[in-house]
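Q: For the sequence shown, my numbering begins at 22 and goes up steadily by one. From the three backbone atoms N, C-alpha and C, an ideal C-beta is built for every residue, glycine too. Quick caveat: nothing in here was measured; it's all calculated off a predicted structure. Please read through the structure below; I'll follow up with questions.
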Amino acid sequence: LLNSLMKHEKLETVSHFAASVSHELRNPIQSIQGFVQLMKDHEYSRDKQIEFYDTMLHEITAADQLIEDYLVFAKPVSGKLELLQVKMEIQQVLKVLTPYANWEKVTINLIDGGCQAKIMGDRQKFHQMLINIIRNGIDAMPDGGILTIRIKEKAPSVLILIKDEGCGMTKEELQRLGEPYFSTKSKGTGLGMMVSYSIAHQLSGEINVQSEKGRGTVFTLEFPTAQ
Ligand code: ADP
Ligand code: MG
């Protein structure tokens, strides 16, 4: 009975998410539809066109982010397990995130201390978790700043510290972190941290957060090392 109850709950969660994700996707899609229609029906100045294109790009990015956050969560069963070298994986993630960081005037420093630690896990999910957390750090510094990532071996674990000097969180915000749809951003999905916690759990790891409003935040990720 317990088992079937749990399955039922899971199904309910999934269908709840499916419904709300499709609902949230409708907004950006309708907005893009509106702009395309406008541009088809009227002659606009180049400046106006650029303004419309920028809005559409923004909406497309928001929709894409939503799908990405959601899809990872909807596939909770781990895919391929691989031996991942933490330092190399973080370097790959930074390649993806650097253009975004530059655009937001954020410098990312990676201090790996020559750490060679490996963990066992699904590469795509490990990346997704890091991307969600690092992106939040970038978002927390609207005027730019420095984001520091430190890798430390602490046998039998490896620690990844992700530190920003951004807006920080109040006690209440900290408590709600990871709650589905909790977001303080105008275009936030409030799914990124929930997904990250879920992935950390799948990787037998843990996420701890220290934050001070107005000062910044440090995420400490801890995973058992493999081999
Ligand atoms: P989203 O980024 O779409 O808002 P997340 O689940 O990724 O959703 O994050 C939820 C909320 O947690 C954010 O809206 C923000 O208020 C807070 N948060 C997460 N990371 C940080 C951070 N590094 N600094 C300050 N606030 C953060
Ligand atoms: Mg986020």
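#1: Could you please give the first and the last residue of the uninterrupted beta strand (DSSP E) stretch that includes residue 249?
#2: I need the boundaries of the beta strand (DSSP E) containing residue 242, first residue and last residue.
#3: Should the region 240 to 248 be called in touch with the region 165 to 181, which here means at least 3 C-beta pairs below 8 Å?
#4: My guess is that residue 88 and residue 170 are in contact by the Cβ rule of under 8 Å, so how many angstroms apart are they, rounded?
#5: Taking C-beta to C-beta, are residue 205 and residue 140 nearer than 8 Å?
#6: Under 8 Å, do residue 4 and residue 237 count as touching if we go by C-beta distance?
#7: Measure the C-alpha to C-alpha separation of residue 80 and residue 163 and round it to an integer number of angstroms.
#8: Taking C-alpha atoms, which residue in 155, 138, 48 lies nearest to residue 76?
#9: Could you check if residue 136 belongs to the surroundings of ligand 1, using beta carbon to heavy atom distance under 7 Å?
#10: To the nearest angstrom, how far is the alpha carbon of residue 120 from that of residue 113?
#11: Starting from residue 231, follow the beta strand (DSSP E) in both directions and report where the run begins and ends.
#12: Could you give the distance in angstroms between the alpha-carbon of residue 229 and the alpha-carbon of residue 53?
#13: Go through its chain and collect everything with a Cβ distance to residue 166's Cβ below 8 Å, but skip five positions before and after it.
#14: Skipping 5 residues on each side, what residues in its chain have a beta carbon closer than 6 Å to that of residue 106?
#15: For the region 211 to 227 and the region 149 to 161, state whether three or more C-beta atom pairs, one from each stretch, are separated by less than 8 Å.
#16: Report all residues for which the CB-ligand distance to some heavy atom of ligand 2 is below 5 Å; order them along the chain.
#17: Between the C-alpha atoms of residue 70 and residue 51, what's the straight-line distance to the nearest angstrom?
#18: Starting from residue 173, trace the beta strand (DSSP E) both ways and give me its first and last residue.
A: A quick look at the data gives this:
#1: Residue 249 lies beyond the range of the chain shown here (22 to 248); nothing can be said about it.
#2: Residue numbering aside, residue 242 sits at position 221 when the sequence shown is read from its first letter. It spans 237 to 245 - the beta strand (DSSP E) in which residue 242 sits, taken as one unbroken run.
#3: By the Cβ test, the region 240 to 248 is in contact with the region 165 to 181, since at least three Cβ pairs between them sit closer than 8 Å.
#4: The count along the sequence shown starts at 1 and reaches residue 88 at position 67. The count along the sequence shown starts at 1 and reaches residue 170 at position 149. In this structure residue 88 is not in contact with residue 170, their Cβ atoms being roughly 26 Å apart against a cut-off of 8 Å.
#5: If you number the sequence shown from 1, residue 205 lands on position 184. If you number the sequence shown from 1, residue 140 lands on position 119. Note that the C-beta distance between residue 205 and residue 140 is not below 8 Å.
#6: Residue 4 lies beyond the stretch modelled for the chain, which goes from 22 to 248, so this question has no answer here.
#7: Along the sequence shown, one-based indexing puts residue 80 at 59. Along the sequence shown, one-based indexing puts residue 163 at 142. Put simply, the backbone Cα of residue 80 is about 19 Å away from that of residue 163.
#8: Counted from its first residue, the sequence shown places residue 76 at position 55. Residue 48 holds the alpha-carbon nearest to the alpha-carbon of residue 76 among 155, 138, 48.
#9: Sequence index remark: in the sequence shown, residue 136 carries index 115 (1-based). Checking the 7 Å criterion, the Cβ of residue 136 is out of range of every heavy atom belonging to ligand 1.
#10: Numbered from 1 along the sequence shown, position 99 holds the residue referred to as residue 120. Numbered from 1 along the sequence shown, position 92 holds the residue referred to as residue 113. If you take the alpha carbons of residue 120 and residue 113, they lie about 13 Å apart.
#11: Mapped onto the sequence shown, residue 231 falls at position 210. Here the beta strand (DSSP E) through residue 231 covers 227 to 233.
#12: In the sequence shown, the residue the question calls residue 229 occupies position 208. In the sequence shown, the residue the question calls residue 53 occupies position 32. Going by the C-alpha atoms only, they are around 39 Å apart.
#13: As a working note, residue 166 is residue 145 in the sequence shown. Cβ within range, chain order: 126, 127, 128, 185, 186, 187.
#14: Along the sequence shown, one-based indexing puts residue 106 at 85. Residues of the same chain with a CB within less than 6 Å of the CB of residue 106, apart from the 5 flanking positions on each side, are 139 in chain order.
#15: Three or more beta-carbon pairs separated by less than 8 Å link the region 211 to 227 to the region 149 to 161, which places the two stretches in contact.
#16: In chain order, the hits are 157, 213.
#17: In the sequence shown, residue 70 corresponds to position 49, counting from 1. In the sequence shown, residue 51 corresponds to position 30, counting from 1. If you take the alpha carbons of residue 70 and residue 51, they lie about 18 Å apart.
#18: Taking the first residue of the sequence shown as 1, we reach residue 173 at position 152. Counting along the chain, the unbroken beta strand (DSSP E) around residue 173 starts and ends at 166 to 175.
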